Ligand code: SF4
Ligand code: SF4
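Here it is, written out as structure tokens:
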């Protein structure tokens, strides 16, 4: 799986980066930014799903692929 | 209008003619001709048609003449002089993917000649609806066009989210691409390939402007030497320092008359022919100032949806403007580089990526100017 952010919907409050610090950081305006590739390693899939569910703007998605 | 060798699109206006081809024949013709999109991205038409046809569902097809690039005039020109060729191509695509809805999306002034042409074709099975395009830069982006024709705002959407919604399959093709397809259906794929290069067959329309004697729409085969393209517009009006190819979403290349205008020929400069906008920069103008002006404009055309684009483009514009106008501060060129990296790949459309690429090409092409500006000097004559 890989992370996908609908940039047209994201409000940049950075909740996802707080929930998934291993994969995301916030840029200087608060918008999430992948730390490396946007691939999600096996052991973080659950945490990633939780972040998807908690995104207030439904902007945070998991997509097939790596 | 001028052509480098025999005109195709810019020849005599033609009457409506849609040969009776089945879907597979249309797709095969596009494939054999090696026809690619003329709106900027250059995607193979056959592949796009096949993908939409494979959904097995009725599609919506949009002929896109929105032409958001400020310097571009070729789509308007084509719609005015060859409306039937565009409409023929649209009907062929409609056949290839069982379209149930057809739109022609262009600025209001460009729709007038099409309205008249449509009257001649009023007995066609699937009629074409006209949709006015606003004059914003991103209005021509495919998802913006798809939103606009059904009455929404002409702003880009997230590609993955759109796919997931499983709306009607939508195919957006530039009007010039459609006109080429109509010619391929008339004369065959072999004929099409007699111009251009092996890998990039066919001709393209270029809007040649800036420091040339007679700015105009020119038709040429891919791979045409830059000098011939400029000569078709009367030639340079004086010494040139560089040429912007591909418009504001394009890149700077040297004013080398031998340079082949094709993807392969421009690749090493990080440029592509794009939608064919070719603008000559006189040696008396400063390339950095010109780029700063363009980036300022592009930052103002952000559709205001994506944080990194909305915040990053104005920041890049102001750093570049500082450099162009000798307001020097420590680390300004590395800050420009950092911002370019920060916005790239982080918008719903490629506006931030293309803006960052344009700046990159300016920093390379005008590196002597950059050094001079950092010392408070300028190399423009
Ligand atoms: S949680 Fe959702 S809205 Fe908030 S920053 Fe992340 S993607 Fe954007
Ligand atoms: S990337 Fe910029 S121009 Fe494109 S949709 Fe997002 S905000 Fe609009």
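Chains as they are written, first to last, in our numbering: chain A, 564 to 629; chain B, 57 to 437. Virtual Cβ for every residue (Gly too), placed ideally from N, Cα, C. Being a predicted model, the structure only gives us computed values, none of them experimental.
Given a threshold of 16 other Cβ atoms within 10 Å of its Cβ, counted over all protein chains shown, does residue 275(B) qualify as buried or as exposed? Working through the second chain from its first residue, we reach residue 275(B) at position 219. By the neighbour-count rule (16 or more Cβ atoms within 10 Å), residue 275(B) is buried.
Nearest-angstrom Cα separation, counted from residue 81(B) out to residue 169(B): Position 113 of the second chain, counted from the start, is the residue given in the question as residue 169(B). Position 25 of the second chain, counted from the start, is the residue given in the question as residue 81(B). In a straight line, the C-alpha of residue 169(B) is about 30 Å away from that of residue 81(B).
Listed by chain order, which residues have C-beta atoms less than 6 Å from any heavy atom of ligand 1? 568(A), 573(A), 574(A), 575(A), 576(A), 577(A), 578(A), 579(A), 595(A), 618(A), 619(A), 620(A), 622(A) and 623(A)
Per-residue DSSP class, three states only, for residue 422(B): Numbered from 1 along the second chain, position 366 holds the residue referred to as residue 422(B). Correct three-state label for residue 422(B): coil.
Taking 8 Å as the threshold (beta carbon to beta carbon), is residue 628(A) in contact with chain E? Absence of chain E from the displayed structure is noted, the protein chains being A and B.
Apart from the five residues just before and just after residue 344(B), which ones in its own chain have a Cβ nearer than 8 Å to its Cβ? Here residue 344(B) corresponds to residue number 288 of the second chain, with the count starting at 1. Excluding positions up to five away in sequence, the list reads 376, 379, 380, 418, 422, 425, 426 and 429.
Among 226(B), 207(B), 206(B) and 209(B), the one whose alpha carbon lies nearest that of residue 36(B): No answer is possible for residue 36(B): the residues shown for chain B start at 57 and end at 437.
Go ahead and label residue 366(B) buried or exposed: buried means 16 or more other beta carbons lie within 10 angstroms of its beta carbon, across all protein chains shown. Counted from its first residue, the second chain places residue 366(B) at position 310. Buried: at least 16 other Cβ atoms inside 10 Å.
From residue 85(B) to residue 363(B), what distance separates their C-alpha atoms? Against the second chain, residue 85(B) aligns to sequence position 29. Against the second chain, residue 363(B) aligns to sequence position 307. So the two alpha carbons sit approximately 42 Å from each other.
Rounded to whole angstroms, what's the CA-CA distance from residue 244(B) to residue 342(B)? Just pull it up for me. What you label residue 244(B) is simply residue 188 of the second chain in a count that begins at 1. What you label residue 342(B) is simply residue 286 of the second chain in a count that begins at 1. Approximately 46 Å between the Cα atoms of the pair.
In chain order, which alpha helix (DSSP H) runs of at least 4 residues are fully inside the segment 152-211 of chain B? 164-176 and 198-205
Among residues of its own chain, excluding the 5 on either side of residue 382(B), which ones have a beta-carbon nearer than 7 Å to its beta-carbon? Here residue 382(B) refers to the residue found at position 326 of the second chain. Counting only Cβ-Cβ distances below 7 Å, and skipping sequence neighbours, we find 429 and 432.
Extent of the continuous alpha helix (DSSP H) run through residue 610(A): To locate residue 610(A), count along the first chain from 1; it is residue 47. Residue 610(A) -> alpha helix (DSSP H) spans 608-617.
CA-to-CA distance, residue 347(B) to residue 171(B), given in whole angstroms: Numbered from 1 along the second chain, position 115 holds the residue referred to as residue 171(B). Numbered from 1 along the second chain, position 291 holds the residue referred to as residue 347(B). Each residue's Cα considered, the two are about 38 Å apart.
Quick check: is the beta carbon of residue 612(A) nearer than 8 Å to any beta carbon in chain B? Residue numbering aside, residue 612(A) sits at position 49 when the first chain is read from its first letter. Residue 612(A) does not count as touching chain B.
Could you give the uninterrupted runs of the beta strand (DSSP E) lying entirely in the segment 201-287 of chain B, keeping only those of 3 residues or more? 226-230, 259-266 and 272-277
Please state the DSSP three-state secondary structure of residue 583(A). Within the first chain, numbered from 1, the residue matching residue 583(A) stands at position 20. Of the three classes helix, strand and coil, the one that applies to residue 583(A) here is coil, per DSSP.
Any beta-carbon of chain A closer than 8 Å to the one on residue 190(B)? Taking the second chain and counting its residues from 1, the one referred to as residue 190(B) is at position 134. False, the Cβ-Cβ gap to chain A never drops below 8 Å.
Does the beta carbon of residue 569(A) sit closer than 8 Å to a beta carbon anywhere in chain B? Indexing the first chain from 1 puts residue 569(A) at position 6. Interface residue, yes.
Considering only residues of the segment 92-139 of chain B, which uninterrupted alpha helix (DSSP H) runs meet the minimum length of 4 residues and lie entirely inside it, listed in chain order? 101-110 and 130-137
Within the continuous alpha helix (DSSP H) that includes residue 347(B), where are the two ends? Start at 1 with the first residue of the second chain, and residue 347(B) comes out as number 291. 343-356 is the extent of the alpha helix (DSSP H) around residue 347(B).
According to DSSP, is residue 82(B) part of a helix, a strand, or is it coil? As a first step, residue 82(B) is located in the second chain; it is residue number 26 there, counting from the start. The answer is helix: DSSP assigns residue 82(B) an H, G or I state.
Where does residue 602(A) land, buried or exposed, given buried means 16+ other C-beta within 10 angstroms? Position 39 of the first chain, counted from the start, is the residue given in the question as residue 602(A). Counting Cβ neighbours within 10 Å, residue 602(A) comes out exposed, since fewer than 16 surround it.
Would residue 394(B) count as contacting chain A if we go by Cβ distances under 8 Å? Locating residue 394(B) in the second chain gives position 338, counting from the first residue. Output row for residue 394(B): interface = no.
Can you tell which of 281(B), 295(B), 247(B) and 259(B) has the C-alpha that lies nearest to the C-alpha of residue 269(B)? For the purposes of this step, residue 269(B) is taken as residue 213 along the second chain, with counting starting at 1. The shortest Cα separation from residue 269(B) among 281(B), 295(B), 247(B) and 259(B) belongs to 295(B).
Just to make sure I have the definition right: I need the residues of chain B whose C-beta is within less than 8 Å of the C-beta of residue 641(A). Which are they? As displayed, chain A neither begins before 564 nor continues past 629, which places residue 641(A) out of reach and without an answer.
Of the residues that make up the segment 213-226 of chain B, which ones have a beta carbon closer than 8 Å to any beta carbon in chain A? 213, 214, 216 and 217
Proximal chain A residues relative to residue 398(B), where beta-carbon distance stays under 9 Å: For the purposes of this step, residue 398(B) is taken as the residue at position 342 of the second chain. Neighbours of residue 398(B) on chain A, chain order: 590, 591 and 596.
Figure out for me which residue from 579(A), 585(A), 593(A) and 594(A) has the closest Cα to the Cα of residue 604(A). Locating residue 604(A) in the first chain gives position 41, where the first residue counts as 1. The option with the nearest alpha carbon to residue 604(A) is 585(A).
Is there a Cβ from chain A that is less than 8 Å from the Cβ of residue 330(B)? For the purposes of this step, residue 330(B) is identified with residue 274 of the second chain, where counting begins at 1. Output row for residue 330(B): interface = no.
Under a three-way DSSP split, which group does residue 318(B) fall into? Numbered from 1 along the second chain, position 262 holds the residue referred to as residue 318(B). Here residue 318(B) sits in coil by DSSP.
Residue 404(B) CB to nearest heavy atom of ligand 2 below 7 Å: The residue you call residue 404(B) lines up with position 348 of the second chain. Yes, Cβ of residue 404(B) sits closer than 7 Å to a heavy atom of ligand 2.
Which two residues bound the contiguous alpha helix (DSSP H) that contains residue 444(B)? In the structure as shown, chain B starts at 57 and stops at 437, and residue 444(B) therefore has no counterpart that could be examined.
Using the C-alpha atoms, what's the distance from residue 126(B) back to residue 132(B)? Locating residue 132(B) in the second chain gives position 76, counting from the first residue. Locating residue 126(B) in the second chain gives position 70, counting from the first residue. Approximately 12 Å, taken between the alpha carbons.
Ligand 2 heavy atom lying under 7 Å from the CB of residue 350(B): Taking the first residue of the second chain as position 1, residue 350(B) is located at position 294. The answer is no for residue 350(B).
Counting only the same chain and skipping the five closest in sequence on each side, list residues whose C-beta sits under 7 Å from that of residue 71(B). For the purposes of this step, residue 71(B) is taken as the residue at position 15 of the second chain. Result list for residue 71(B): 140, in chain order.
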